[in-house]
Amino acid sequence: MNLGIVTYKRGMTTILTEEGHSIPVTLVEYVPMTVVQIKTEATDKYSAIQVGYNPTRDHRLTRAEKVHQAKTVKRDKDGKIKDIIYHEGGPFHNLKEFRVDSAMDFEIGQVVSIDFISEGQIVDAIGTTKGKGFAGGMKRHHFRGQSSSHGVSKTHRKPMSGGATDAARTFKGKRGPGHMGNVRYTQKNLKVVKIDTDLNLFAIQGSVPGPNGGEIVITPAKRTGH
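Residue numbers (our numbering): 1 to 226.
Have a look at this one:
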């Protein structure tokens, strides 16, 4: 994953363009991210930064999590932890890692700027889709279903054969009923219509995966296609 920003979905609305067209947009609110770890080619065989967001209370973290995010760890003469000093804004409830071209451009404790995303830019939105539970073939895979009449009895929505006599089994990957949704999904090539820095909001044209309040990672588009 390239460097991106962590946002939370707040809902949808419409925006009028200068030409008078109404376009649907999704509003996402970005949260400040602080660098808590730097990974380089020399130490980790790849270049990345780990960021923390959503400040939390100290007692909600394990000892390992506290030390990992600490700016300074004070110990007594027996080596036991006496006090932990965190970077500004910390400690953080969530951590996320982003690959970058050069991790040396960042410093631990630095707040990541969002200047690399601008209005009019094409981006990808990564989130977790809404869970639909167990769904039939018509809803899950858009099967047409069988005829409503003409000899069809009680199998109007029956999706498939369970396995022919010859194979006597169902092949892996066979489409049919099953769990639907609640998967990681990337909505590609969305346009950033507007950025409101006062309210920390992005207006992104179209829809993004997940429910309101769900976490959405916004990254510059990898393949724009145009």
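Backbone N, C-alpha and C fix where the C-beta goes; we use that ideal spot for every residue, glycine too. All values reported here derive from a predicted model rather than from experimental measurement.
- DSSP, reduced to helix, strand and coil, places residue 43 within a helical segment of the structure shown.
- At least 8 Å separates the beta-carbon of residue 25 from that of residue 119.
- Excluding the 5 residues flanking it on each side, residue 188 has same chain C-beta neighbours closer than 6 Å at 124, in chain order.
- Bounds of the beta strand (DSSP E) holding residue 179 are 178-180.
- Assigned with DSSP and collapsed to three states, residue 19 falls in coil, not helix or strand.
- Scanning the region 191-226 for uninterrupted beta strand (DSSP E) segments of 3 residues or longer gives 201-205, 215-220, listed from N- to C-terminal end.
- Residue environment: residue 92 is assigned as buried (16 or more neighbouring CB atoms within 10 Å of its CB, all protein chains considered).
- Collapsing the DSSP output to three states places residue 109 in coil.
- Taken through DSSP and simplified to helix, strand or coil, residue 150 comes out as coil.
- Only buried fits residue 27, as 16 or more other CB atoms lie within 10 angstroms of its CB.
- Counting along the chain, residue 121 sits inside no beta strand (DSSP E), nor does DSSP assign it H or E at all.
- Where residue 140 is concerned, the enclosing alpha helix (DSSP H) starts and stops at 137-141.
- In the DSSP assignment, residue 51 falls within the unbroken beta strand (DSSP E) covering 48-55.
- For residue 65, there is no enclosing beta strand (DSSP E); the residue is found in the alpha helix (DSSP H) stretching over 63-69.
- Burial of residue 9 is indicated by the presence of at least 16 other C-beta atoms within 10 angstroms of its C-beta.
- Straight-line measurement puts the Cα of residue 201 at about 35 Å from the Cα of residue 41.
- Counting the other Cβ atoms within 10 Å of the Cβ of residue 86 gives 16 or more, which makes it buried.
- In this structure, 38 is the residue among 15, 214, 38, 127 with its C-alpha nearest to the C-alpha of residue 100.
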